[in-house]
Every structure is written in C-alpha cells, then in structure tokens.
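Visitor: For reference, the structure I am asking about is given below.
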Amino acid sequence: MNVPLLDVHKHIETMRPALMAALEQVVGHARFIMGPEVQQLEDEIRQYTGAKHAIACASGTDALLLSIKALGIGAGDEVITTPFTFFATAGAVANAGAAPVFVDIKNDTFNIDPDAIEAAITKNTKAIIPVHLFGQSADMGRVMEIAKKHGLAVIEDAAQSIGATYKNRMTGTIGDTGCFSFFPSKNLGGIGDGGLVTCNDDKLAETLTLLRQHGAHQRYYHDIIGTNSRLDTLQAAALLAFLPHLDRWAKQRAAHAALYTESFSDIPEIITPACAPDRNHVYNQYTIRVPNRDAFQAYLTEKQVGCAIYYPVCLHLQKCFVHLGYVEGQLPLSEQAASQVISLPVYPELSAAQQEYVISSVRAFFGK
146 MNVPLLDVHK HIETMRPALM AALEQVVGHA RFIMGPEVQQ LEDEIRQYTG AKHAIACASG
206 TDALLLSIKA LGIGAGDEVI TTPFTFFATA GAVANAGAAP VFVDIKNDTF NIDPDAIEAA
266 ITKNTKAIIP VHLFGQSADM GRVMEIAKKH GLAVIEDAAQ SIGATYKNRM TGTIGDTGCF
326 SFFPSKNLGG IGDGGLVTCN DDKLAETLTL LRQHGAHQRY YHDIIGTNSR LDTLQAAALL
386 AFLPHLDRWA KQRAAHAALY TESFSDIPEI ITPACAPDRN HVYNQYTIRV PNRDAFQAYL
446 TEKQVGCAIY YPVCLHLQKC FVHLGYVEGQ LPLSEQAASQ VISLPVYPEL SAAQQEYVIS
506 SVRAFFGK
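Given below as structure tokens:
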C-alpha cells in the first residue's frame, strides 16, 4: 500500500464542487485583486479566532515580515525566537534588518522554552516570536508575562496552528500579532500561497493594511514605504469554501493522532507527541521521536509510507546565519530534536486501512 504523507489531491477532490463554485464566482466578477472575497475572508477569520482585526496578505512569511515592520523593528534590533522551526520565522526577522536570537526549546512540546527567553534579553531586544509548532500553542502565559515585564512585543507564529487554543484563547490572538499561513499543506490550506495577520490594536491594524499595499490609503498616494503583499481573490474564495470544514478536519486529525499514540504506547523507543493540559493540539503534523531516525525513515520509505523530517537542521546552524556566531551543541534540545523527529501521515482523508498499514509498518520496524 502507498500512503502519502499528505494527499492534497484527495483533499481537493472532496471539496471540488464547493471549490469550483467559489472560483467560478470570482471569474464571473473578475475582481482578481482585493475582490469582495478577501474582505469576507478577513471578516470570517476575525470571527473564527475572536481577533479584533484580520489582514490578509500574500503568504505566511509576509505575515511575519509585515508584523515585524509594523511594530517598528529593524536594523540594530534583536528578536528572540526558536531555532526549531521553518526558516521563515527567522528569515523574516533578518529580512527586516534585525537579528534573530535563538533560544532552546521545551523537550516535550518542541516549543520555545520561556525559561530560556529572559536570559537572552538585551538592551537591543524588541520582540519575541513564539512558534506554535506542529499545531500546539507555545506557553503563551509565560511568554506574555516576560514580554510585559521587559516591554517587548510578541509576534505569534501561528502558521501551523489555526484553530488551536491556549487556555480557551485562539492562537494568534494573544500576542501583539498572530501570523497565519494558508500554504496548501496547512490545516486551512489554499490552492497556492496565502497568509493573514490578526491583531487587536486599531493603529497596528491600520499600519499592517498600509504595508501590504505599498503604504497607500489611496492609490498613488503613499504614506509609508510598503510592499505588494495582497492575497489573491481566487485564494480568498478557495479558503472561504474550506473554512467551514476546518474544525471537522481538526477533529479527524486528532482522532488519527490518538490512534497512533495508543498503538505505539508499548514501544519504548517511540516518544509520541505531548499535549499540555491547558491547550489543544490541531496536529498539522503528527511528529514522533525515535533514536534511530534515519534507518527508520529509510524503512518507511521502502514500505511506501509517507514521512518527513521537520526540521533536519536547526536555524542557528544554518549556513546563512553563521555570522551570528552560534556553534553546534549550544542549543542541545533543539539539536537533539532535529536528529530524532519524524512525522507520519495524519491528514483528514487518511482512511482506516491506510492508517492501519502505517501502524503495522511502524510496529514491524520495532519488532512488534
């Protein structure tokens, strides 16, 4: 049996009638840039998350970059974040002219360790970017406590966590801004790139709205230097078709995750995902840890079980950040995670037969 890590084709096929109707509507009115569906999506995401404002943009990466710029962070400033995340988290900081400062993660949730944040704060620190990795919120209570104590902004990287909560608050609504991605592999994925920023501050929302459209309230009249980061109307229409199903899909992901965790409970070599009691997990990825990861990955590939490593090289050890002066061994928990993690198929359309094949393949590798 061939079980892909993610079956975008099957996902789209289940939504084809609604998707095609939504796209046909956009083709009919031909307002491909900032059409009415963009405003409608912003309204619906705002209502879904409980945020006061939602500003759509071209990608999750742009959501981070626009947030950093809107908060006035740039050259000479430092932003504390995790090295165990997708490149965009730190790349956006660097592209704004600031310097990312990496601190280690919690060993159980893979998320930034709040206890490590405070020791990394300097006079140049302007913000913290916690990442809600794989679909579970970071410890936002502690992060916000530290940020308030030191007068720092908080930019939530919620690219993988739409629908996840921390103490019944949606991720992306706790910090100064929340940054979401609609890349096709996300729980709410579009049919191309897309992103969105949430915030609760009127002035910040106005700045974000200006920045995404060349800094102009009125065409050809530019108040600030912005960029082109508008969400295509076609993408907004597709996302509107998918959004009503988001919570159902998250429940299906959680059900798959629960079955995996139960099925691997008698295998001491496998560490299954931990979920903190004050938050829920929406499982953008189901990520386990195994000591002999590379051999395990090769075995699963041979068995045609989709798997992937998120992420094989920590950001503090990436070639592009060598100038920051980090060395191997400096952030040991992040580095250990990078050498042990592997993600298994958890998408909503995963059939019972497919999941049983994944489970039996995993168990066989460990002699079960």
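Taking my numbering, the leading residue of the sequence shown gets 146, the next gets one more, and so forth.
Note that CB positions come from ideal geometry on N, CA and C, so glycine has one too.
1) Per the DSSP calculation, Pro245 is bridged to which residue(s)?
2) Below 6 Å CB to CB, which residues in the same chain sit around His426 once its five sequence neighbours on both sides are set aside?
3) Are the stretch 342 to 362 and the stretch 159 to 171 touching by the rule of at least three beta carbon pairs closer than 8 Å?
4) Based on the DSSP output, what are the partners of Gly323 in its beta bridges?
5) Which term fits Asn437, buried or exposed, when burial requires 16 or more other beta carbons within 10 angstroms of its beta carbon?
6) Per DSSP, what are the beta-bridge partners of Thr270 in this structure?
7) Could you tell me which whole alpha helix (DSSP H) segments of length 4 or greater appear in the stretch 158 to 239?
8) Distance, Cα to Cα, Ala241 vs Ile415?
9) Rounded to whole angstroms, what is the Cα-Cα separation between Ala167 and Ala309?
10) Count the other CB atoms within 10 Å of the CB of Phe325; is the residue buried (16 or more) or exposed (fewer)?
11) According to DSSP, simplified to helix, strand and coil, what is Met289?
12) Compare the C-alpha of Phe387 against each of Arg424, Arg176, Glu182, Ala175 and name the closest.
13) I want to know whether the stretch 230 to 250 touches the stretch 388 to 396 - three or more CB-CB distances under 8 Å.
14) Rank Thr432, Ala509, Ala235 by C-alpha distance to the C-alpha of Lys448 and give the top, closest one.
Guide: Looking at the coordinates:
1) Val224
2) For His426, where only same-chain residues beyond five positions count, the Cβ hits under 6 Å are Gly280, Gln281, Cys420.
3) no
4) Under the DSSP definition of a beta bridge, Gly323 partners with Glu301, Thr343.
5) exposed
6) Glu223
7) Listed in chain order, they are 161 to 174, 181 to 194, 205 to 215.
8) Spanning the alpha carbons of Ala241 and Ile415 requires a straight line of approximately 40 Å.
9) 26 Å
10) buried
11) Under the three-state reduction of DSSP, Met289 is assigned to helix.
12) Glu182
13) By the Cβ criterion, the stretch 230 to 250 is not in contact with the stretch 388 to 396, since fewer than three pairs of Cβ atoms, one from each stretch, lie closer than 8 Å.
14) Ala509
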